[in-house]
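Trainee:
Residue numbers (our numbering): 31 to 374.
1. Do you know offhand how far residue 272's Cα is from residue 101's?
2. On the premise that residue 333 lies in contact with residue 349, defined as a C-beta separation below 8 Å, what is that separation, rounded to the nearest angstrom?
3. Pull up the distance between the alpha-carbon of residue 126 and that of residue 167, whole angstroms please.
4. Given residue 97, which residues of its chain have a CB within under 7 Å of its CB, disregarding the five upstream and five downstream residues?
5. In terms of residue numbering, what span does the alpha helix (DSSP H) encompassing residue 216 cover?
6. Where does residue 83 sit, in a helix, a strand or coil, going by DSSP?
7. Please report the distance separating the alpha-carbon of residue 307 from that of residue 294.
8. For a quick check, are the C-beta atoms of residue 342 and residue 321 less than 7 Å apart?
9. Can you tell which of 103, 262, 91, 92 has the C-alpha that lies nearest to the C-alpha of residue 70?
10. Taking C-beta to C-beta, are residue 277 and residue 225 nearer than 7 Å?
11. Could you check whether the stretch 144 to 162 touches the stretch 71 to 78, counting it as contact only if at least three pairs of C-beta atoms, one from each stretch, sit closer than 8 Å?
12. Between 369, 250, 279, which has its C-alpha nearest residue 234's C-alpha?
13. For residue 369 and residue 297, what's the separation of their Cα atoms in angstroms?
14. Tell me the rounded alpha-carbon separation between residue 82 and residue 106.
15. Where does residue 361 sit, in a helix, a strand or coil, going by DSSP?
16. Pull the bridge partners of residue 290 from the DSSP assignment, please.
17. Could you pull out every residue in the same chain whose Cβ sits closer than 7 Å to the Cβ of residue 227, ignoring the five residues on either side in sequence?
18. How would you call residue 185, buried or exposed, if buried means at least 16 neighbouring beta carbons within 10 angstroms?
19. Between the beta-carbon of residue 330 and the beta-carbon of residue 302, is there less than 7 Å?
20. If distances are taken between C-alpha atoms only, which option among 197, 196, 194, 183 comes closest to residue 206?
21. Which residue comes first and which comes last in the alpha helix (DSSP H) that contains residue 251?
22. So residue 250 and residue 181 are supposed to be a Cβ contact under 8 Å. How far apart are they, rounded?
23. Output the boundary residues of the alpha helix (DSSP H) element that contains residue 152.
24. Can you determine whether any heavy atom of the ligand FMN sits closer than 6 Å to the C-beta of residue 223, and answer yes or no?
25. Are there 16 or more other CB atoms within 10 angstroms of the CB of residue 218, so buried, or fewer, so exposed?
26. Quick one: grab the DSSP three-state call for residue 339.
27. With respect to the alpha helix (DSSP H) encompassing residue 121, which residues constitute its N-terminal and C-terminal limits?
28. How many Å lie between residue 68 and residue 248 at the Cα?
29. Determine the closest residue to residue 325 out of 149, 172, 109, 200, with distance taken between C-alpha atoms.
30. Just to confirm, is the Cβ distance from residue 212 to residue 243 under 7 Å?
31. Would residue 328 and residue 317 qualify as a contact pair, given that the criterion is a beta-carbon distance under 7 Å?
32. Suppose you measure from the CA of residue 95 to the CA of residue 208; what does that come to, to the nearest Å?
33. Could you check the C-alpha separation between residue 362 and residue 352 for me, to the nearest Å?
34. Can you grab the Cα-Cα spacing for the pair residue 313 / residue 241, in whole Å?
35. I need the boundaries of the alpha helix (DSSP H) containing residue 74, first residue and last residue.
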């Protein structure tokens, strides 16, 4: 995926690239570090978008020129309910206002990129393709204004790796972003190398780089580590390729990020693949209580697990909870509806 040369034959098609890009937008950007203000960043990192919106409104009333508050309002509007078109539109308008009022403030361009990324999920294929260039330029401008931004650098590198060359993708540019901070920001560089290895399907190299990342309390770094770990573990989990490695990765994730649902959810998949449904259910029930559970098909798999044990009542309850989850993947919801219908 090089901008000035023919795309590598192993790179994604445009269709799969857009699918990957919108997934990236939904998962990777949702809690990425944005603000220098600790209170705004804390609410953003915790996903407390209602409180973030209230605080942003209060600060803007006190000071209409508060760039961080303006960006915070945009993100709060966009992320509080990504399925609400009106709020997404309001978030996009606020991001545009932020950029217009503060064209030389990085946080406004970050908010603009994140808002657009969410919008792209709901766009048709053609329209989403037309907006890739705008998304790229927003990240480029954010990084120009704040070269130390972990979020802007990593997201721009991932975008270069995700889209085909004809749409501005470029492995060489992603590598340039990594090389530029190899000495000054070694952990940022390593995260970019993790993604480069993933794009090249060099799983052993990806695992080595991933395990070399130093533990961090930074929310954005944790998000990237979690996403990459889940991606690699799914590779090992697929077709029971290497359940032991998948289990080890999920265990490490649960150990390092105990308040997040991903680790427990992943372990449940390993146990289900091994036919140990009681253990699978135990970890799924644990995952339900942790942060980020709504973003994973926890109740869908819980329904399947209870059904495998013959517990139709518990299976029905789990499927119903999953169908009611507004953040659930529509494809999974359809599967859950079919399973629920069979239960009568």
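Even for Gly, the Cβ is constructed at its ideal location relative to N, Cα and C.
Mentor: The answer reads as follows:
1. Distance between the alpha carbons of residue 272 and residue 101: 43 Å.
2. Contact holds; Cβ gap of about 4 Å.
3. Roughly 14 Å separates the two Cα atoms.
4. Taken in chain order, the residues that qualify are 128, 132, 135, 137, 138.
5. Per DSSP, the continuous alpha helix (DSSP H) segment holding residue 216 begins and ends at 216 to 229.
6. Helix, per DSSP.
7. Approximately 14 Å between the Cα atoms of the pair.
8. Cβ atoms of residue 342 and residue 321: not closer than 7 Å.
9. For residue 70, the nearest C-alpha among the options comes from 103.
10. At a Cβ-Cβ threshold of 7 Å, residue 277 and residue 225 do not count as neighbours.
11. Of all C-beta pairs linking the stretch 144 to 162 to the stretch 71 to 78, fewer than three are shorter than 8 Å, placing the two stretches out of contact.
12. Of the candidates 369, 250, 279, the one whose C-alpha sits nearest the C-alpha of residue 234 is 279.
13. Rounded to whole angstroms, the gap between the alpha carbons of residue 369 and residue 297 is 23 Å.
14. Their Cα atoms are separated by approximately 6 Å.
15. Helix, per DSSP.
16. Answer by DSSP bridge pairing, in chain order: 321.
17. Only 235, 236, 239 meet the Cβ criterion.
18. So residue 185 counts as buried.
19. Against a cut-off of 7 Å, the Cβ pair of residue 302 and residue 330 comes out as no contact.
20. Per the C-alpha coordinates, the member of 197, 196, 194, 183 positioned closest to residue 206 is 183.
21. Bounds of the alpha helix (DSSP H) holding residue 251 are 249 to 267.
22. Residue 250 to residue 181, Cβ: 5 Å. Contact.
23. Run containing residue 152: none; DSSP gives neither H nor E here.
24. Here there are no bound small molecules, and the ligand FMN is not part of this structure.
25. Residue environment: residue 218 is assigned as buried (16 or more neighbouring CB atoms within 10 Å of its CB, all protein chains considered).
26. Coil.
27. Counted as a single uninterrupted DSSP element, the alpha helix (DSSP H) harbouring residue 121 occupies residues 115 to 131.
28. Distance from the CA atom of residue 68 to the CA atom of residue 248, rounded to whole angstroms, is 12 Å.
29. Answer by Cα proximity: 109.
30. Taking 7 Å as the cut-off, the Cβ atoms of residue 212 and residue 243 do not count as close.
31. Their beta carbons are under 7 Å apart, which means residue 328 touches residue 317 by this criterion.
32. The alpha-carbon atoms of residue 95 and residue 208 are separated by roughly 34 Å.
33. When the Cα atoms are used, residue 362 and residue 352 turn out to be separated by approximately 9 Å.
34. Their Cα atoms are separated by approximately 23 Å.
35. Per DSSP, residue 74 is one residue of the alpha helix (DSSP H) stretching across 68 to 75.
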